[in-house]
Structures are given as structure tokens and as C-alpha cells.
Amino acid sequence: MCRCVPSTFINIHFQYIFFRQVDVIEGCRLPVLRKNQENEDEWPLAEILSVKEIPGRKLYYVHYIDFNKRLDEWVTPERLDMKKLQFPKKEAKTPTKNGLPGSRPSSPEREVPQAQQKCLPTKTSIPDFQVLQQQVQPPTITVHLCFDFLSPLFKSSQNGTARRPMPNQPGRKRKQPPNCGGTDEDSQDSSDGIPSAPRMTGSLVSDRSHDDIVTRMKNIDCIELGRHRLKPWYFSPYPQELTTLPILYLCEFCLKYLKSLKCLQRHLTKCNLRHPPGNEIYRKGTISFFEIDGRKNKTYSQNLCLLAKCFLDHKTLYYDTDPFLFYVMTEYDSKGFHIVGYFSKEKESTEDYNVACILTLPPYQRRGYGKLLIEFSYELSKVEGKTGTPEKPLSDLGLLSYRSYWSQTILEILMDLKPDNGERPQITINEISEITSVKKEDVISTLQYLNLINYYKGQYILTLSEDIVEGHERAMQKRHLPIDPKCLHFTPKDWSKRGKW
Amino acid sequence: MSKLSFRARALDAAKPLPIYRNKDLPDLNDCVSINRAVPQMPTGMEKEEESEHHLQRAISAQSVFREKKENMVIPVPEAESNITYYDRLYKGELRIPKQLFHIQPLGLDNEQPDYDMDSEDEILLNRLNRKMEIKPIQFETMVDRLEKASTNQMVTITEAKLLLNEDDYLLKAVYDYWVRKRKNCRGPSLIPLIKLEKRDGSTNNDAYVAFRRRTEKMQTRKNRKNDEASYEKMLKLRREFSRTVTILEMIKRREKSKRELLHLTLEVVEKRYQMGDFTGEVLSEVTAPLAEKPVYTVPITVTNGNRHNHKAEIKIKSGGLPYHGYHHVSVKDEDPFDFVRPKKKYTRREPLCRPGRPAKRQHIVNKADIKQYDFHSSGEEDYPLSPTSEPDEENDPDGTFAFRRKAGCHYLPCLDQTSGLLWDHPELAGLDALRHRQSLTALSVPQRCVGLARRRVGRGGRVLLDRASSDLDGVLKQLDSGVFSSSFPKGLSDPQVPTQNHRTMPGSASSLTDLLSNIQALRWRFFRPRSTQGDGSGEGRTGRPSMDNRLSGGLFVHTKNSGSGELLLNPIVKTAGSTDCIISKTLDSAGAHFAASAVISAPGQVNNENKPDNTSVNGVVQPLGTSRPPHSTSTSQGGTGLDRSGRTPSSCGPLLPASHSTTPQSLPNHRGHGSAVSPAHHHHNARPSPSSLKLATMATSSLDRVPKVTPAISSMARDNHEPERLALNGISETTVPMEVT
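So the protein sequences, as listed, match chains A and B.
Note that the working numbering has the first sequence beginning at 1, numbered continuously upward.
Note that the working numbering has the second sequence beginning at 1, numbered continuously upward.
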């Protein structure tokens with residue numbers, strides 16, 4: 001249909017852009033100002049995910065392309081570079097003619113994609129950009145403008161499609177069975193009869209099939225938890241009436257959500273908890289771990305999950321918490337045992353997962369607590385006599401943390417190996433796996449990542465370069481809080497014999 | 001790099017990897033590229049996110065600097081950590097206990113209201129507090145209860161009164177406030193709650209619905225998949241087992257009743273024996289009144305499983321009932337001697353039997369019996385009204401000529417005549433031997449004696465006579481039936497009862513006179529037309545079955561030895577004198593069967609001879625004027641009926657013991673005495689004949705009168721015959737040459 005648009009109509013459209021304020025609608029892309037870590041101005045390309053009108057002005061929810069969703073935010077119109085506005089391709093949900101997916105890889109599926117577009121002229125008259133390019137118009141100023149704002153789009157879409165494979169076409173996601181993770185549980189789950197229900201094992205969604213516009217956007221502005229105010233990174237299904245609040249208050253110990261400080265005050269007169277409501281299975285110094293059964297203590301588990309979801313993109317709260325155990329790490333001070341982070345773990349995992357979700361709360365991040373959580377999870381696996389691996393997909397921070405932990409753990413073993421009566425020290429991957437409880441695949445990937453595996457004279461060898469050794473030694477000096485297995489009071493339970501968890 | 005042309009082996013996790021420091025390997029650069037031979041492990045991240053700018057930057061920074069640089073970390077939204085009012089909010093201090101915390105299983109429920117007062121509530125509370133004292137916790141409890149009571153609809157004021165049990169003024173104030181506040185509330189409840197799933201699945205895609213219940217199918221083990229099917233199978237198994245238990249219980253009860261009956265019957269017989277009630281007189285007196293109504297106490301013998309009886313009885317019940325009354329009168333004194341079928345036939349038929357039939361054992365039928373034993377064993381259906389033959393007809397290779405058990409017939413093992421008679425009396429030979437198997441026979445149409453012959457029933461119910469040649473042939477030819485008609489007064493010796501002399505050896509009957517005297521002395525069996533009935537003579541037609549209504553049918557005589565062609569004989573038929581005692585005993589030539597239909601002879605009709613073993617032969621008991629269904633072309637004399645119902649190769653005519661035969665002792669002795677009629681190999685006529693019905697009714701009526709005695713007798717008879725059964729087959733085979741068909 002785009003081909004049929006007469007050139008005069010296009011001209012009318014450009015005049016419209018030129019002479020009037022353009023309506024920036026969902027799906028548009030344009031550079032948006034943001035400060036980087038060095039507090040410098042940057043204009044990364046962003047996509048408009050939502051527009052809302054508050055008295056006096058409009059706000060735009062933007063997702064910075066190739067940045068993590070946690071940086072998505074509401075921005076004012078001043079931060080939009082309207083000169084470089086790209087309109088969404090029409091019929092983006094159908095494959096383009098060359099078979100490549102649409103140009104909105106990061107766009108979420110919208111509930112009612114078209115209905116929210118208020119600007120009818122733009123909606124109906126915007127031609128396909130590719131068509132537009134073919135129908136090169138007479139060199140008028142509008143045409144020049146047109147090329148100007150089109151060029152980034154082509155770059156982006158071509159780059160995007162070439163650089164990353166797009167397994168999921170946004171427009172078709174919803175019709176697909178929700179779990180395409182390739183695990184063998186899929187067949188099992190798909191027979192459930194609930195066509196759109198995700199798989200029931202695990203805690204993470206491995207695809208974005210439920211990624212609609214609601215879950216793509218943060219819904220909680222701020223959470224107050226104890227001494228900290230947290231800016232949530234992702235959507236979390238707290239009661240909808242609480243999402244409009246400027247601040248959501250949580251009880252620091254029971255994690256109950258409250259709409260106001262007054263309510264929290266009142267709640268604290270009734271809540272006697274000063275530590276997570278579970279069994280303390282580890283304590284060394286100020287660090288303690290509490291084990292909470294997701295079936296026995298549903299309220300706390302759910303509250304914890306709601307909080308965690310604010311910071312874990314792939315976490316799913318679709319199902320209840322019954323098959324999980326929650327290990328909450330706390331730091332003690334005179335007020336009580338303050339939650340630092342936690343990880344959850346399936347009581348019975350079919351896939352050797354020893355961690356389902358893992359989170360260090362933002363105020364405690366980058367201080368070694370994450371590694372402590374990971375270390376603790378492997379200590380539990382050692383007690384169980386199993387190797388384990390975290391549930392996939394990993395987040396970026398998760399990948400970095402785990403790689404760092406694996407690297408340090410493996411390097412420590414390798415460097416501690418002493419020559420055995422003159423022989424060169426050697427070790428098998430299985431041995432490393434057994435010592436560390438790190439799953440074999442993770443050992444191999446770490447060795448690869450560190451570039452330690454080499455093929456030399458017909459056999460594989462491990463080589464330790466100087467910078468690796470030095471880097472490791474430096475990292476170990478910074479690692480101040482190792483888990484002490486002696487302080488762990490943990491007896492694994494055979495959940496399979498307990499019927500239903 | 002030419003070395004790289006070979007393919008590196010796969011990385012083996014079980015193989016030791018030597019560890020080198022880079023400085024130990026000056027030629028390490030040669031290996032670097034080979035590193036690619038190890039397949040790259042996935043990072044475990046989503047592909048889309050893996051390429052994110054900050055992550056890539058962090059990864060590259062790490063690989064370059066081997067440690068995180070401050071400016072290379074992945075940026076996250078900021079967090080504040082300076083809540084100034086924290087200490088005021090979280091009051092009190094907690095001293096760390098020495099012990100690890102151990103949560104009490106039930107320690108969490110301290111019944112605190114979930115509702116937390118907000119500042120708006122505080123205003124109300126302050127206002128209320130001017131008039132009365134109300135604590136925040138009290139207010140919260142009230143709102144909490146109101147909230148929790150109104151799941152779908154808000155509670156009314158009256159409900160609230162019941163719910164809260166507070167002062168009326170306070171209640172009204174709080175209730176009104178609550179109603180107002182709730183209406184303004186944007187959420188579904190004043191206590192913010194996570195949206196719950198709805199059962200209809202409409203909330204499946206609602207992003208705000210969380211913590212859905214896992215369906216029951218949650219399973220970590222996949223081998224449980226067919227649990228449901230297994231469970232159903234187990235249920236079915238259990239049902240079937242319990243049904244089996246019920247059936248066994250019923251069988252047990254039945255067998256107990258049978259045993260009791262047997263004991264009682266035995267007692268009756270003993271009593272009768274003690275009182276000398278050999279004629280059954282006392283018994284009939286005693287049982288006469290009982291006969292009026294159905295006798296339920298009459299079950300019967302324990303002859304070996306006649307599995308078809310059950311079906312047959314039912315047949316009788318339906319078909320034979322209309323005649324019951326009649327038969328009851330006409331045939332009374334029949335001892336229910338059971339005819340046990342030969343084993344061989346039995347097994348042959350076995351596979352065609354309907355499976356699962358209850359092993360019904362009683363052989364004598366009356367209504368009561370049917371009721372008594374008519375239980376269904378394994379839930380299968382009975383088809384009381386359908387012809388018995390029907391189910392078998394299609395299956396049987398013999399088609400309509402297949403052997404079928406006759407209702408009301410009892411099949412006893414054949415008599416081993418050889419052992420029973422000839423063997424016992426080795427002195428018998430030649431004519432004597434022959435005489436024991438054959439009878440003198442006279443024909444009515446060419447009124448003459450045909451010599452020794454034996455009767456059997458052929459196809460279609462025709463009665464055949466097998467003749468045997470003997471030394472006497474010459475003599476007998478002179479014999480003319482007329483001789484007897486005059487010489488035997490009808491009233492004296494019942495005409496149909498030719499006699500035989502048994503054991504008292506008449507010497508060599510070489511002359512006609514001797515013969516005659518022998519006959520007259522009833523030492524020889526003589527089968528002849530009933531001269532008194534005269535009518536018999538008219539119906540004989542050669543080679544055709546007779547359609548006589550009054551008489552049972554024609555007899556075809558196939559004479560083998562003499563080859564004299566087919567002769568039609570009128571059977572000797574007893575007149576309808578119902579009180580007559582009929583003692584008939586037929587024995588086929590092979591002596592294969594010992595078929596008995598019970599007779600209790602009326603007084604005065606007893607044979608003159610007092611010997612207990614003296615039996616009359618050729619017992620064809622046919623009440624005259626029996627209203628016979630017109631379709632019956634068969635000769636349905638009693639004996640014939642039995643024969644046909646037996647339908648075994650060597651099945652037998654009725655064996656009618658003498659009056660005193662009710663004593664058990666007499667039974668074995670009867671074995672040897674039989675007429676020469678040999679019903680051999682009847683495979684034909686599968687239809688239940690009226691004669692069988694009649695027989696059954698006869699049995700019934702006899703039972704009515706002799707309830708206790710008969711079973712004992714028949715059972716004993718059976719017992720006696722039991723060992724002989726084995727010999728049967730062989731004997732019936734030896735008789736084959738005698739057959740003429």
C-alpha cells in the first residue's frame with residue numbers, strides 16, 4: 001500500500017513535519033540525551049516505548065538501544081533530538097520483503113499498538129522508508145530533511161539485523177508456545193492445556209514471549225527499604241494501585257509493601273521481625289544466611305520475589321513459590337539482620353541448577369556480596385555432593401559475577417597445584433568440577449574465557465600467563481569475605497521423598 | 001601453521017591437563033590458534049542482551065585489565081542510602097543471640113491485623129477519640145475484618161454488626177468511614193494485595209497476576225506419566241476381585257445347601273428302607289400334599305457337572321411350564337435316574353459351551369430348583385427364552401445335527417455290559433450271550449416274530465431294530481405274535497413289558513416250546529406289538545416315519561443280518577394309565593448306557609417276580625394322548641426322548657428299575673438287563689423335542705412325590721457307574737458294526 005502513496009501526499013506529510021510539532025509516538029526512534037558514568041552528555045539512539053501526558057507536558061518512556069533495560073526511563077521532550085526522529089516502520093510485525101525481521105528488535109509487543117497513536121496523519125500517511133528511498137523526490141528542502149532523518153534508521157536496522165540474529169519476531173511472539181527454551185520440559189509443559197502458561201520449573205523466563213508493553217516498563221518509581229531508597233530496574237507485579245505512588249515502602253524485615261510511611265510506621269508496631277523469618281543456617285561475623293521454604297512461608301517468599309523482580313529482568317513470578325527455597329543473606333547491626341541479597345533454589349532441579357535467581361540488592365552491589373552469595377550456593381552444593389550451575393539466562397551482571405567467581409575459584413586451584421615429585425602438575429576438568437561443585441560445562445567455559453586451554457604437542461594443556469596470575473592475585477587481595485564452610489549448618493533434604501515439597 | 005591441518009581431538013574432561021606457565025612454553029604462539037578447536041561454550045545469557053553496550057565494554061575491559069576498572073562497570077540506576085528517619089522508624093535494638101535463629105513452625109501467626117492505618121485514618125481516629133477511646137490497633141482490626149469479609153460484595157451494616165461486636169456508635173462511624181474510603185479506593189481492597197489468578201484463565205496474561213497456583217501436573221520425574229492409567233487399572237482389578245469374592249461366597253452357600261439336601265435325601269431313603277417303603281407308597285402319601293405347591297426342597301443329584309443343564313432348565317421353565325399340570329398328573333412315579341453323558345462326548349462339546357456357565361449340577365428340574373439355583377455367576381446374561389441350541393448352532397460343525405443336551409435329561413455313564421454281565425457270567429455264551437443283548441421281537445404288520453433284535457432310535461427319531469441271527473431263528477419264525485396275544489392276558493402282564501429271564505438260566509432254549517415257556521415265564525424278553533391297542537398295526541408303513549398322534553412314532557427296523565428290509569414296528573406303548581408303574585430298562589447292544597427314568601411302581605403293577613433285580617425291558621413309557629406339539633414328527637416315546645436327548649453314540653433308553661429298585665442295592669444288578677435296542681450315534685436332531693420336555697416334567701412330577709429319595713438313588717447310581725464310564729468308549733466302538741443306518 002505504501003507504494004501507492006502519491007508523491008504529493010508525501011510532500012504534504014513533510015510539510016506537516018516541517019511546520020508543526022511532530023507527535024512522537026510509540027515505536028519512534030531518536031537520539032535521547034543521557035549522562036554517562038563520567039557525567040558526560042551522550043545522545044544514544046533510543047526508542048519511545050510509551051508516552052504519557054501529565055499536566056503541562058508530555059513524558060516519554062525511552063529505551064536506549066543496546067543498553068540494558070534497567071536504564072530505561074521517563075524523559076522530558078527537551079531530551080529528545082527531534083531532528084533525528086525515525087518513525088516506526090509500518091507493518092513492522094510482518095517480515096519485510098527481504099525476509100529480514102522488522103526493525104524493532106527491542107520493541108515490546110503492545111497491548112493495543114495502534115490505538116494509542118493519536119496522530120492520525122502520521123499514522124496513516126507515513127510511507128515505508130524503503131519505499132520512500134526508492135521514490136526519490138525532487139530535491140526540495142523537505143526531501144533533504146527526509147534523508148537526513150532516515151539515514152540513521154537504515155544504519156541501525158541494517159546493523160541490527162546483520163549483527164544479531166533475531167530469533168523472535170515481535171509480532172509473532174505471543175502465538176508461540178511461551179517456552180521455547182529448548183529444554184525437554186517443554187513438551188511436558190505444553191501438554192498442560194493452558195496454552196499461554198510458561199513452564200513450571202525454574203524461575204526465569206528464557207524468552208520474551210510475555211514481554212508486553214506493561215512488563216517492559218518499570219512500574220515502581222522508588223522503593224524505600226530500611227535505610228535505602230532503591231530505584232527499581234524492571235517491572236514488578238506489586239498491587240497496581242501502589243504503582244502510582246512516588247515511593248513504595250517496604251518493611252525491611254518482612255518485606256511487606258505499604259503505601260505510605262504512616263502505614264509502615266503502623267506496621268512496624270505490629271511486626272516483630274528483626275531477621276528473615278527462616279532458619280539461620282550460616283553465621284560468620286555479621287553475615288548470616290537464612291533458609292526460607294517457599295511453601296511454608298509464602299508471604300515472605302512472595303514479598304521477597306516481588307522485591308527481587310524489581311532488579312531481575314528475567315525472573316518470572318508467574319507461579320507460586322512452593323518449589324523453591326530462599327537463601328537470604330543478611331548483615332547484622334544493632335537494628336537487626338538486614339537483607340543484603342538472596343538466591344533462590346529449586347528444591348528439586350531436573351537440570352542441575354543450584355541457583356534459580358540470585359540478587360544483591362543495589363545498595364550492596366559491587367562490594368563482594370554477590371560473590372559471597374555465589375560461593376555460598378556452591379558450598380551448599382558441596383554439602384549435597386552435587387555439581388551445580390545457575391539457571392539460565394544469566395543477566396549481564398550475573399554473567400560477570402559468575403565468570404569472576406569461576407575464574408577466581410579455578411585459578412586458585414590451578415595455582416595451588418604443586419609439582420608432584422618433579423612432574424608437571426596436572427588436573428582433569430572433572431577434578432576441578434568435583435572440587436568446586438562447579439558444573440563441568442562452566443569449568444570449560446571459564447577456562448576458555450581465560451584462554452587457558454591450549455593445544456600443545458598433541459594434547460590439551462593449561463597455560464597460565466603472567467597477567468592472568470597477576471590479575472588473580474590482585475583480585476584475591478580484594479576478596480575479603482570468604483564463606484567459612486565450618487559455619488554452615490545445613491543438612492540437605494531429599495525433597496523427592498517428601499511428596500510435594 | 002602447517003601443523004594446524006590436523007584436527008584437534010575433542011576436549012576430554014576426564015583427561016589430565018598439564019599446567020604450564022607461559023614462560024615455560026616459548027613456542028606457545030604456535031598453539032594459540034588451535035584453541036579455536038575447542039567449541040565455544042555459551043555464556044548463558046540471552047543473545048540479545050549479550051551484545052549490550054555496557055556489558056561488552058565491561059567484558060573487554062576485564063580481558064584487557066584483568067580487573068574491573070571503576071568506569072567500566074555496568075551502570076545501574078542509583079540508590080540512596082540516607083534515610084534519616086530510619087532510627088525513629090525502626091525502634092529498639094536487637095542483640096545478636098548466640099544461637100542461630102530457628103523459626104518456630106507456628107510462630108508467625110500472631111493474629112495481627114493486616115490493615116495498616118494511614119494518615120487519613122488517623123484524622124478519623126483523632127476525631128473519634130474525642131468522644132471515646134479507640135486505639136489504632138482496634139481500628140485496624142475493625143477495618144481488617146470488614147475488608148476480609150467483603151470478598152465480592154461489601155458487607156452491610158448488619159453484617160458488620162455481627163462481625164465486629166463493637167459499640168454501636170463506633171461501629172457506625174467506622175463502617176461509614178470504611179464504606180466511603182473503599183469507594184474512593186482505586187484498588188480492589190484497602191489492604192493492597194497481589195492480584196490473584198482467576199480460575200477461568202482470563203488472567204493468564206495479566207502481568208499483575210503473580211504466584212499462580214501450579215497445576216497438579218507439576219512433576220519432576222517423567223516416569224510418572226502413566227500413573228493415571230495404572231491407577232485406573234488397579235481400580236478395575238479391585239472391582240473384579242471383589243466380584244470374584246462375591247461369587248465364591250455364593251458358590252459356597254450353594255454347595256452347602258446341596259450337601260444338606262443330600263444328607264436329608266439320604267435320611268429319607270434310609271427311613272423308607274427301614275419302613276420297607278419300597279413302592280414309594282408312603283412317600284407319595286407324605287409328599288402328596290406337598291405336590292400341590294412347588295417343592296423347594298428338591299434338588300438333586302450331584303452327578304458330574306452337567307453344565308448345560310442350567311440353560312436347559314430355563315428352557316423348560318419357559319417352554320415346559322404350560323404342560324406342567326398335565327404332566328404332573330399323567331406321569332408321576334418316575335425316579336429321576338440320571339444319565340450321565342459319556343466323557344468323550346463331553347469333552348468334545350466343551351469348547352462350544354458358553355463360557356462361564358455356573359456348574360449346575362442338579363439334574364432334576366422343577367420350578368423350585370430353577371429358582372433355587374438360578375444365580376448368575378459372573379454377571380453374564382441368561383437367555384431364558386431363546387432356544388438352547390441357538391448359540392451353538394453357528395459354531396458347531398455338525399450344524400443342526402450337533403449333539404445338544406436335552407433339557408431335563410440326565411446322562412449317566414453307559415453300562416459296561418461286558419464287564420457287568422458277560423464278564424460276571426462267563427458261563428453265558430452263544431445264544432445266551434446274545435439273548436442278553438437282544439430281545440425276541442415281534443412285528444405287528446407282518447405279524448410275525450423277527451427273532452432276536454434290538455431296538456434303537458435312528459435319525460429323525462425313527463426306531464430301528466437291529467436284528468441278530470441266532471440258532472433260534474428257525475424256531476422263531478414259526479412264532480407268531482398272535483400266539484402271545486392270546487396267551488398273555490393283557491391285564492396280567494402288562495403288554496409292553498416283555499420279560500427276560502435273568503440269571504436263572506433257562507437252559508438251552510432249543511425248541512419252540514421251550515422258548516414259549518421261557519417267554520411266558522418271563523424269562524425271555526419279548527418285544528412285541530401291543531395287541532390290545534390294535535391301532536398300532538395300522539400305522540406301520542415301511543420306510544416312513546409314522547405320524548401317529550397317539551402313538552409315538554414308527555419304528556424302522558434295519559436288519560442287518562437278515563437283510564429283510566425295513567420294517568416298521570409299533571413300539572410298545574404303555575397306555576395312559578397314569579398310576580401304572582412303568583419299569584423299563586433299555587440297554588443298548590453295547591450296554592453302553594444305563595439310563596434310567598425313575599419309576600416307582602404302583603402296587604399291583606409290580607412284576608410278579610420278586611427278585612429285586614428283575615427289571616422289565618424295552619421300557620418305552622409313553623402316556624397316551626399326550627398332547628404333543630404337532631411339529632413333532634419324532635417318535636417321542638419316553639425312551640426315545642431320552643435317547644435323543646442323550647444324543648450320545650451309545651446313549652440309552654430309559655432304564656426303569658423294578659419297583660424295588662429304589663433300594664440302592666438293587667441298582668448295580670440292573671445293569672445287565674437291557675433291551676436290544678441300540679441307539680447308536682445320534683448326532684441329529686438338535687431341536688429340543690417335546691419328549692424331552694415331557695421327560696423333564698415327568699421328572700418334576702416324580703420329584704414332587706419323591707423328593708428325598710430320588711437324589712440319593714440317582715447319585716448312587718451314578719456312583720456305581722462312575723468306574724464304568726471309562727470303558728464306555730471302547731464298548732461303543734465295538735458296537736459300531738451293529739449299527740445300521
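For each residue, glycine too, the CB sits at the ideal point set by N, CA and C.
These figures come from a predicted structure and were not determined experimentally.
- Within the segment 136-153 of chain B, the residues whose Cβ lies closer than 8 Å to some Cβ of chain A are Pro136, Ile137 and Glu140, listed in chain order.
- When DSSP states are grouped into helix, strand and coil, Asp212(A) belongs to the strand group.
- Residues of the segment 436-447 of chain A with a C-beta less than 7 Å from any C-beta of chain B: Lys440, Glu441, Ile444 and Ser445, listed in chain order.
- The DSSP assignment places 261-270 as complete runs of the alpha helix (DSSP H) inside the segment 241-273 of chain A, in order along the chain (cut-off: 4 residues).
- According to the DSSP assignment, Ser344(A) belongs to the beta strand (DSSP E) that extends over Gly336 to Glu346.
- Among the CB atoms of chain B, none fall inside 7 Å of the CB of Ser401(A).
- Spatial neighbours of Glu50(B) in its own chain (CB-CB distance under 7 Å, excluding positions within 5 residues in sequence) are listed in chain order as Thr43.
- Counting the other Cβ atoms within 10 Å of the Cβ of His102(B) gives fewer than 16, which makes it exposed.
- Glu252(A) counts as buried, since at least 16 other C-beta atoms from the protein chains shown sit within 10 angstroms of its C-beta.
- From the beta-carbon of Arg214(B), the residues of chain A found nearer than 7 Å are Met200, Tyr319, Asp320 and Asp322.
- Your pair Thr330(A) and Phe290(A) checks out as a contact, with CB atoms roughly 7 Å apart and the cut at 8 Å.
- When Cβ-Cβ separations below 7 Å define contact, Met250(B) makes no contact with chain A.
- Contact annotation for Tyr86(B) against chain A: Gly226 and Arg227 [CB-CB distance below 7 Å, chain order].
- Leu55(B) and Asp396(A) have their C-alpha atoms roughly 6 Å apart.
- Annotation: Thr244(A) to Lys218(A) spans about 11 Å, alpha carbon to alpha carbon.
- Distance from Leu248(A) to Cys222(A) at the Cβ level is roughly 7 Å; contact confirmed, criterion being Cβ atoms closer than 8 Å.
- Going by beta carbons, Arg455(B) and Leu465(B) fall inside the 7 Å limit.
- Tyr61(A) sits close to Leu49(A), with the two beta carbons spaced by under 7 Å.
- Contacts with chain B (Cβ-Cβ distance below 9 Å) from the segment 349-360 of chain A involve Ser349 and Thr350, listed in chain order.
- In terms of beta-carbon proximity, Cys310(A) stays away from the interface with chain B, with every pair separated by 7 Å or more.
- A contact between stretches requires three or more CB pairs, one per stretch, nearer than 8 Å, and the segment 8-24 of chain B meets this requirement with the segment 453-462 of chain A.
- Pro31(A) is bridged by DSSP to Leu45(A).
- When the beta-carbon positions are compared, Asp118(B) and Lys298(A) stay at least 7 Å from each other.
- At a cut-off of 7 Å between C-beta atoms, Ser119(B) counts as an interface residue with respect to chain A.
- Per the DSSP secondary-structure output, Ala468(B) pairs in a beta bridge with Leu452(B).
- With contacts defined as CB atoms closer than 7 Å, Asp114(B) and Asp87(B) fail to qualify as a contacting pair.
- Between Phe324(A) and Ser344(A), the C-beta gap is smaller than 7 Å, which places the two residues in contact.
- Close to chain B, meaning a Cβ-Cβ distance shorter than 8 Å, are the following residues of the segment 405-426 of chain A: Leu414, Leu417, Arg424, Pro425 and Gln426.
- The segment 365-377 of chain A and the segment 400-420 of chain A touch, with three or more beta-carbon pairs separated by less than 8 Å.
- Residue-level contact by beta carbon fails for Ile223(A) and chain B, as no gap is shorter than 7 Å.
- Per the coordinates, the alpha-carbon of Met234(B) lies some 22 Å from the alpha-carbon of Glu249(B).
- If you ignore the 5 residues before and after Lys478(A), its C-beta comes within less than 8 Å of the C-beta of Gly368, all in its own chain and listed in chain order.
- Runs of the alpha helix (DSSP H) lying entirely within the segment 298-377 of chain A, each at least 4 residues long, are 298-309 in chain order.
- The C-beta of Thr428(A) comes closer than 7 Å to at least one C-beta of chain B.
- Residue nearest to Pro188(B) within the set His228(A), Glu224(A), Arg79(A) and Leu242(A) is Leu242(A) (criterion: CA-CA distance).
- Between Glu280(A) and chain B, the shortest Cβ-Cβ separation is below 7 Å.
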